[in-house]
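Peer 1: Using the working numbering, the letters of the sequence shown map in sequence onto residues 339 to 439.
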Amino acid sequence: MAAKLRKGDTVMIMTGKDKGKTGEISSVDPTAGKAIVNGLNISIRHVKQSQTDQGGRQPKAMPIALSNLSIVDKNGKATRVGFRMDGDNKVRFAKTTGDAI
Numbered sequence: 339m340a341a342k343l344r345k346g347d348t349v350m351i352m353t354g355k356d357k358g359k360t361g362e363i364s365s366v367d368p369t370a371g372k373a374i375v376n377g378l379n380i381s382i383r384h385v386k387q388s389q390t391d392q393g394g395r396q397p398k399a400m401p402i403a404l405s406n407l408s409i410v411d412k413n414g415k416a417t418r419v420g421f422r423m424d425g426d427n428k429v430r431f432a433k434t435t436g437d438a439i
């Protein structure tokens, strides 16, 4: 199945502690069905000191289930994603506005 959310998309979190916040996807793991959004779903991780890193308690963005994310359209509202053929190309489009993403 084609990926509805991809790296670089601006998304809104629909559930959880960061509900309603928006951010950009930095990575997607389609096999696990999760994505990492920059600056959201932050958790404190204890990191061991190394030659290149001070170590200690460091904030880290944790993965979020793709089902809890919704792409943001040009109006700044969450929307669903659909697919259609544009000539010979398959393109994603926002269901609310009908614009290609």
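C-beta atoms are modelled at their ideal positions from N, C-alpha and C, and glycine is treated no differently. These numbers come from a predicted model, not from an experiment.
Rounded to a whole number of angstroms, what is the C-alpha to C-alpha distance between K355 and V349?
Peer 2: Looking at the two C-alpha atoms, the distance is approximately 15 Å.
Peer 1: Throw me the rounded Cβ distance for the K345 and V366 pair, which I believe falls under 8 Å.
Peer 2: With 8 Å as the limit, K345 and V366 qualify as a contact, their Cβ atoms being about 6 Å apart.
Peer 1: Of the choices A416, S381, F431 and K428, whose alpha-carbon is the least far from that of G359?
Peer 2: Contrary to the premise, residue 359 reads as Lys rather than Gly in this sequence. Of A416, S381, F431 and K428, the residue nearest in Cα terms is A416.
Peer 1: What separation, rounded to the nearest whole angstrom, lies between the Cα atoms of R422 and L343?
Peer 2: Near 15 Å, if we compare the C-alpha coordinates of L343 and R422.
Peer 1: Hey, would you say S408 sits closer than 8 Å to M352, going by beta carbons?
Peer 2: Taking 8 Å as the Cβ cut-off, S408 and M352 qualify as a contacting pair.
Peer 1: Which one of V429, R395, N406 and K433 has the shortest CA to CA distance from R383?
Peer 2: Out of V429, R395, N406 and K433, R395 has the C-alpha closest to the C-alpha of R383.
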